[in-house]
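Q: My questions all concern the structure below.
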Amino acid sequence: MTKKTLEYSVKLPSHTDNLELIRTFVAGVAKKVGFQSEDINKIELAVDEACTNVVEHAYKEKENENIDVAIQIDYQKFTVVVTDKGKRFSPADIDIPDMDQYLAELRVGGLGIYLMKTLMDEVQYHTGPDGKNRVKMVKHFLKR
Amino acid sequence: MHIEQEKLGEVLVFGVFGRVDAATCKPLEVDMLGAIDGGEHRLLIDCSKLDYISSAGLRIFLIAAKKLKAENGQIVLCSMQPHIRTMFEIAGFSAAFPIVESQDDGIKALKE
């Protein structure tokens with residue numbers, strides 16, 4: 001028997017003005033599939049951070065590019081994949097291993113990635129042979 | 145997002161309204177860091193009308209805290225809505241800034 005997977009996706013111009021639309025889309029789907037507000041807020045913020053990184057770093061503010069935001073839902077998890085065709089990103093370069101130390105030093109970079117990893121159950125970066133960068137973020141239903 | 149500023153004695157209160165993300169954060173950065181450069185060393189951020197904040201906004205608070213530390217000043221956040229407070233706690237940011245319940249508590253904290 002094949003388990004049913006639901007898919008929702010949007011494609012938008014890579015501009016920070018579209019972040020609110022992206023949050024509304026992702027939060028709407030998360031709510032529809034039954035997440036409570038705390039998890040919806042986490043998913044919304046993590047996806048905002050991923051898309052902000054695409055606009056500001058992958059595309060370096062070039063506005064004529066696109067961001068794809070795709071959501072896949074199966075019986076156990078909610079997966080958001082943000083895809084771009086911009087500059088490749090290596091998250092290890094700006095890892096924040098220890099938040100207390102980070103704050104004590106009052107550093108200011110790498111917050112977005114840190115938040116994504118803190119808010120979601122899994123975060124993976126992958127650049128495919130097609131040159132597209134994909135950030136996959138997963139929230140499990142079982143951990144609600 | 146919009147900001148309202150009010151001077152209460154030595155404390156400059158920043159009321160932050162609405163949603164702060166990468167698209168809307170610039171005025172907050174300009175106004176807050178400008179105030180510090182202009183000699184304001186006791187900042188109270190009233191978050192009662194703050195509905196959403198991403199790292200674009202958190203980064204500004206961290207830069208402000210860093211600048212104020214160098215000037216022997218302080219930044220305090222007050223009156224957060226519960227969902228914003230929860231996010232600060234999950235992310236560990238409540239360790240970076242004193243977060244108090246009300247504007248009065250914030251002013252007291254900044255006088256100490």
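Same order as they appear, the protein sequences are chains A and B.
Note that this note's numbering has the first sequence beginning at 1, numbered continuously upward.
Note that this note's numbering has the second sequence beginning at 145, numbered continuously upward.
Here a beta-carbon is modelled for each residue, glycine too, at the ideal position from N, C-alpha and C.
(1) Determine, using beta carbons only, whether residue 24 of chain A comes closer than 8 Å to chain B.
(2) For residue 76 of chain A, I'd like the list of residues in its chain whose CB is within less than 8 Å of its CB, leaving aside the five on either flank, ordered along the chain.
(3) Please confirm whether residue 29 of chain A has its beta-carbon closer than 8 Å to some beta-carbon of chain B.
(4) What does residue 128 of chain A reach in chain B if we use C-beta pairs closer than 9 Å?
(5) Just curious, the alpha helix (DSSP H) that residue 46 of chain A is in, first and last residue?
(6) Taking Cβ-Cβ distances below 9 Å as the criterion, which residues of the region 33-65 of chain A are in contact with chain B?
(7) At 8 Å on the CB atoms, spell out the chain B contacts of residue 99 of chain A, in chain order.
(8) For residue 59 of chain A, which residues of its own chain have a beta-carbon under 8 Å away from its beta-carbon, when the five flanking residues on both sides are left out?
(9) Which bits of chain B does residue 19 of chain A rub up against, with CB to CB less than 7 Å?
(10) What's the C-alpha gap between residue 223 of chain A and residue 200 of chain B?
(11) Under 8 Å: do the region 29-38 of chain A and the region 213-222 of chain B share three or more Cβ pairs, one atom per stretch?
(12) Give me the DSSP bridge partner(s) of residue 149 of chain B.
(13) Under a three-way DSSP split, which group does residue 144 of chain A fall into?
(14) Taking all protein chains shown into account, do 16 or more other C-beta atoms lie within 10 angstroms of the C-beta of residue 247 of chain B, making it buried, or fewer, making it exposed?
(15) Quick one: is residue 12 of chain A near chain B, going by C-beta distance under 8 Å?
(16) Whose C-alpha, out of B:210, B:169, B:155, B:153, is nearest the C-alpha of residue 147 of chain B?
(17) Restricting to Cα atoms, I'd like to know which of B:154, B:153, B:172 is closest to residue 162 of chain B.
(18) Counting only runs that start and end within the region 184-226 of chain B, where is the beta strand (DSSP E) found for 3 or more residues in a row?
(19) Pick helix, strand or coil for residue 101 of chain A, following the three-state DSSP scheme.
(20) Cβ of residue 11 of chain A versus every heavy atom of the ligand ZN: is any distance shorter than 7 Å?
A: A quick look at the data gives this:
(1) The count along the first sequence starts at 1 and reaches residue 24 of chain A at position 24. No - not a single Cβ of chain B is within 8 Å of the one on residue 24 of chain A.
(2) Looking up residue 76 of chain A in the first sequence gives position 76. Excluding residues within five positions, the ones whose Cβ falls inside 8 Å are 140, 141, 142.
(3) For the purposes of this step, residue 29 of chain A is identified with residue 29 of the first sequence, where counting begins at 1. Using beta-carbon distances, residue 29 of chain A does not count as an interface residue toward chain B, since no partner is under 8 Å.
(4) The residue you call residue 128 of chain A lines up with position 128 of the first sequence. What residue 128 of chain A touches in chain B: nothing, since even the nearest Cβ is about 26 Å away.
(5) Taking the first residue of the first sequence as position 1, residue 46 of chain A is located at position 46. Here the alpha helix (DSSP H) through residue 46 of chain A covers 37-53.
(6) 37, 38, 41, 42, 44, 45, 48, 49, 51, 52, 55, 56
(7) Residue numbering aside, residue 99 of chain A sits at position 99 when the first sequence is read from its first letter. Taking a Cβ-Cβ cut-off of 8 Å, the neighbours of residue 99 of chain A in chain B comprise 235, 236, 239, given in sequence order.
(8) The count along the first sequence starts at 1 and reaches residue 59 of chain A at position 59. Sequence-distant Cβ neighbours of residue 59 of chain A in its own chain, meaning closer than 8 Å and more than five residues away, are 14, 65, 84, 86, 87.
(9) Position 19 of the first sequence, counted from the start, is the residue given in the question as residue 19 of chain A. The answer, in chain order, is 165, 166, 167.
(10) Past the edges of chain A, shown from 1 to 144, lies residue 223 of chain A, and the structure says nothing about it.
(11) Cβ pair count under 8 Å is below three, so no.
(12) Counting from 1 along the second sequence, the entry for residue 149 of chain B is found at position 5. According to DSSP, residue 149 of chain B bridges with B:158.
(13) One-based indexing of the first sequence puts residue 144 of chain A at position 144. Because the pLDDT of residue 144 of chain A is 46, which lies under 50, any placement of that residue in the model is unreliable, and the question is left without a value.
(14) For the purposes of this step, residue 247 of chain B is identified with residue 103 of the second sequence, where counting begins at 1. Classification for residue 247 of chain B: buried.
(15) Counting from one through the first sequence, the residue named residue 12 of chain A turns up at place 12. For residue 12 of chain A, the answer is no, since every Cβ of chain B falls outside 8 Å of its Cβ.
(16) On the second sequence, residue 147 of chain B is found 3 positions in, with the first residue counted as 1. It is B:169.
(17) In the second sequence, the residue the question calls residue 162 of chain B occupies position 18. From the listed residues B:154, B:153, B:172, the smallest Cα separation to residue 162 of chain B is found for B:172.
(18) 186-190, 194-197, 218-222
(19) As a first step, residue 101 of chain A is located in the first sequence; it is residue number 101 there, counting from the start. When secondary structure is reduced to three states using DSSP, residue 101 of chain A falls in the helix class.
(20) Inclusion of the ligand ZN in the displayed structure is not the case, the ligand content being empty and no account of it being possible.
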